[in-house]
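In the numbering used here, the protein residues as written are 310 to 713.
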């Protein structure tokens with residue numbers, strides 16, 4: 310338990326996990342639920358594959374920029390107020406997405422949706438750091454990953470079911486309802502985990518000082534970049550797999566949802582393994598193991614594409630790529646946040662920003678060869694995984710940590 314605050318969490322652990330885990334799931338929910346409907350969105354709006362994937366990029370940019378904005382604000386003004394406000398705006402933006410008839414207003418609204426949804430992600434993780442530290446933080450983040458990992462499972466399944474009986478705008482009505490529900494839950498049940506006497510100095514200059522310190526922290530940035538490249542691999546999978554699996558392998562939206570669900574289970578299983586064994590082997594080893602797992606998946610995917618392998622081989626490769634996130638995320642967050650007290654929101658913002666920047670870059674790249682080629686997806690995933698290894702080896706690998 311973090312000794313800087315009250316001895317006990319503000320809610321029973323179960324409900325704290327449910328609430329904070331749901332908030333961290335805004336990223337997967339905002340992106341994954343409408344993935345099975347991407348081809349339908351392209352058809353209804355008369356947009357190209359790459360342009361529709363730009364709506365993913367807009368959401369990713371919003372998710373990254375929003376964390377950079379609301380992380381420091383939560384250090385200054387507390388966790389609760391920024392969270393309640395942004396959840397309300399998220400719900401409204403989701404409603405407007407449902408009524409969009411042209412691609413560019415839709416892309417803009419997806420940015421707003423990502424921007425406001427980011428507050429839930431970054432502030433929920435800052436709340437976890439307010440309450441826990443060390444191996445206890447790793448264990449709690451692993452518990453959060455049960456809820457967070459369930460989102461990639463349930464979101465595309467729900468999207469597939471919705472698209473079986475209704476059109477894609479209904480997906481955004483559901484997201485709006487989730488936003489309003491989280492608004493009510495946060496406003497009614499989540500106290501502020503950052504007491505006023507522990508809040509950061511106000512002002513733009515203070516924020517820049519904090520970010521400057523984080524940028525100069527070699528180990529922190531190494532961990533953040535390692536995680537970012539692994540997450541970029543997963544975002545490449547998110548953007549490219551609907552077209553590869555549905556257009557090239559004739560997978561139905563419902564079958565695609567099942568593939569997505571299996572990969573989500575991989576994240577949960579890997580995260581629980583990390584949480585249970587981190588005290589024995591150390592977070593650093595799990596971070597390295599996650600990088601190697603992602604590289605193995607990338608190599609297998611490249612082989613499958615080169616030999617025009619069966620669907621089972623493609624699915625196995627993507628499983629390794631996605632499951633690696635469960636090893637990397639809890640261990641990276643715990644390692645990076647060790648020395649971040651009053652700056653937990655800003656540090657959490659950095660950890661959240663970089664993956665979404667990477668995801669925003671790679672999402673359009675996987676569609677450059679059209680919707681009948683898996684080569685860009687395989688190459689982007691492998692490149693990101695190898696870059697994660699470079700970041701780990703150059704900035705993290707040889708440095709000691711109290712969590713080792």
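Every residue, glycine too, gets a C-beta built ideally from N, C-alpha and C.
Measuring from the CB of residue i, is there a heavy atom of the ligand MG at a distance below 8 Å?
{"i": "residue 400", "result": "Among the components modelled here there is no ligand, and therefore nothing to report on the ligand MG."}
Is it right to say residue i is buried, meaning 16 or more other beta carbons lie within 10 angstroms of its own, or is it exposed?
{"i": "residue 486", "result": "exposed"}
{"i": "residue 355", "result": "exposed"}
{"i": "residue 474", "result": "exposed"}
{"i": "residue 639", "result": "buried"}
{"i": "residue 592", "result": "buried"}
{"i": "residue 433", "result": "buried"}
{"i": "residue 681", "result": "exposed"}
{"i": "residue 493", "result": "exposed"}
{"i": "residue 683", "result": "buried"}
Using 8 Å for Cβ pairs, my map puts residue i next to residue j. What's the rounded Cβ distance?
{"i": "residue 408", "j": "residue 391", "result": "That belief does not hold up - the Cβ atoms of residue 408 and residue 391 are roughly 27 Å apart, past 8 Å."}
{"i": "residue 629", "j": "residue 605", "result": "6 Å"}
{"i": "residue 541", "j": "residue 693", "result": "4 Å"}
{"i": "residue 331", "j": "residue 426", "result": "About 12 Å; that fails the 8 Å criterion."}
{"i": "residue 388", "j": "residue 476", "result": "Actually they are not in contact, since the Cβ atoms of residue 388 and residue 476 sit about 37 Å apart, beyond 8 Å."}
{"i": "residue 442", "j": "residue 581", "result": "Not a contact, Cβ separation roughly 20 Å."}
{"i": "residue 653", "j": "residue 596", "result": "The Cβ separation is near 20 Å, so there is no contact."}
{"i": "residue 645", "j": "residue 529", "result": "5 Å"}
{"i": "residue 333", "j": "residue 457", "result": "5 Å"}
{"i": "residue 375", "j": "residue 428", "result": "6 Å"}
Would you check if the distance between the CB atom of residue i and the CB atom of residue j is smaller than 9 Å?
{"i": "residue 499", "j": "residue 394", "result": "no"}
{"i": "residue 634", "j": "residue 599", "result": "yes"}
{"i": "residue 545", "j": "residue 674", "result": "yes"}
{"i": "residue 554", "j": "residue 564", "result": "yes"}
{"i": "residue 686", "j": "residue 610", "result": "yes"}
{"i": "residue 337", "j": "residue 406", "result": "no"}
{"i": "residue 463", "j": "residue 550", "result": "no"}
{"i": "residue 552", "j": "residue 414", "result": "no"}
{"i": "residue 326", "j": "residue 455", "result": "yes"}
{"i": "residue 304", "j": "residue 655", "result": "This structure cannot speak to residue 304, because the chain is shown only from 310 to 713."}
{"i": "residue 384", "j": "residue 508", "result": "yes"}
{"i": "residue 561", "j": "residue 469", "result": "yes"}
{"i": "residue 665", "j": "residue 491", "result": "no"}
{"i": "residue 548", "j": "residue 636", "result": "no"}
{"i": "residue 670", "j": "residue 603", "result": "no"}
{"i": "residue 399", "j": "residue 488", "result": "yes"}
{"i": "residue 439", "j": "residue 503", "result": "yes"}
{"i": "residue 624", "j": "residue 571", "result": "yes"}
Determine the direct distance from the alpha carbon of residue j to that of residue i, and round the result to whole angstroms.
{"i": "residue 558", "j": "residue 619", "result": "9 Å"}
{"i": "residue 386", "j": "residue 506", "result": "11 Å"}
{"i": "residue 436", "j": "residue 617", "result": "46 Å"}
{"i": "residue 704", "j": "residue 472", "result": "45 Å"}
{"i": "residue 447", "j": "residue 377", "result": "23 Å"}
{"i": "residue 381", "j": "residue 371", "result": "16 Å"}
{"i": "residue 691", "j": "residue 569", "result": "20 Å"}
{"i": "residue 423", "j": "residue 430", "result": "10 Å"}
{"i": "residue 317", "j": "residue 527", "result": "With a pLDDT of only 47 at residue 317, under the threshold of 50, the placement of this residue in the model should not be trusted; the figure read from the coordinates follows. So the alpha carbons of these two residues sit roughly 33 Å apart."}
{"i": "residue 631", "j": "residue 643", "result": "20 Å"}
{"i": "residue 601", "j": "residue 543", "result": "14 Å"}
{"i": "residue 373", "j": "residue 397", "result": "19 Å"}
{"i": "residue 368", "j": "residue 322", "result": "31 Å"}
{"i": "residue 467", "j": "residue 515", "result": "43 Å"}
{"i": "residue 401", "j": "residue 588", "result": "43 Å"}
{"i": "residue 689", "j": "residue 445", "result": "35 Å"}
{"i": "residue 712", "j": "residue 352", "result": "Note that residue 712 scores a pLDDT of 43, beneath 50, so its modelled location is shaky and nothing firm can be said."}
{"i": "residue 573", "j": "residue 511", "result": "39 Å"}
{"i": "residue 706", "j": "residue 590", "result": "15 Å"}
{"i": "residue 576", "j": "residue 360", "result": "29 Å"}
{"i": "residue 663", "j": "residue 449", "result": "22 Å"}
{"i": "residue 420", "j": "residue 672", "result": "14 Å"}
{"i": "residue 314", "j": "residue 556", "result": "Residue placement at residue 314 is poorly supported in this model, since its pLDDT is 42, which falls under 50; the coordinates still yield a value, given next. In a straight line, the C-alpha of residue 314 is about 52 Å away from that of residue 556."}
{"i": "residue 418", "j": "residue 668", "result": "18 Å"}
{"i": "residue 566", "j": "residue 647", "result": "37 Å"}
{"i": "residue 350", "j": "residue 594", "result": "42 Å"}
{"i": "residue 453", "j": "residue 615", "result": "37 Å"}
{"i": "residue 324", "j": "residue 531", "result": "33 Å"}
Can you find at least 3 beta carbon pairs, one from the region 324 to 344 and one from the region 363 to 381, that sit closer than 8 Å? Yes, since at least three Cβ pairs between the region 324 to 344 and the region 363 to 381 fall closer than 8 Å, the two stretches touch.
How do the region 532 to 542 and the region 687 to 707 stand: do at least 3 beta-carbon pairs fall below 8 Å, yes or no? yes
Are the region 515 to 526 and the region 655 to 664 touching by the rule of at least three beta carbon pairs closer than 8 Å? yes
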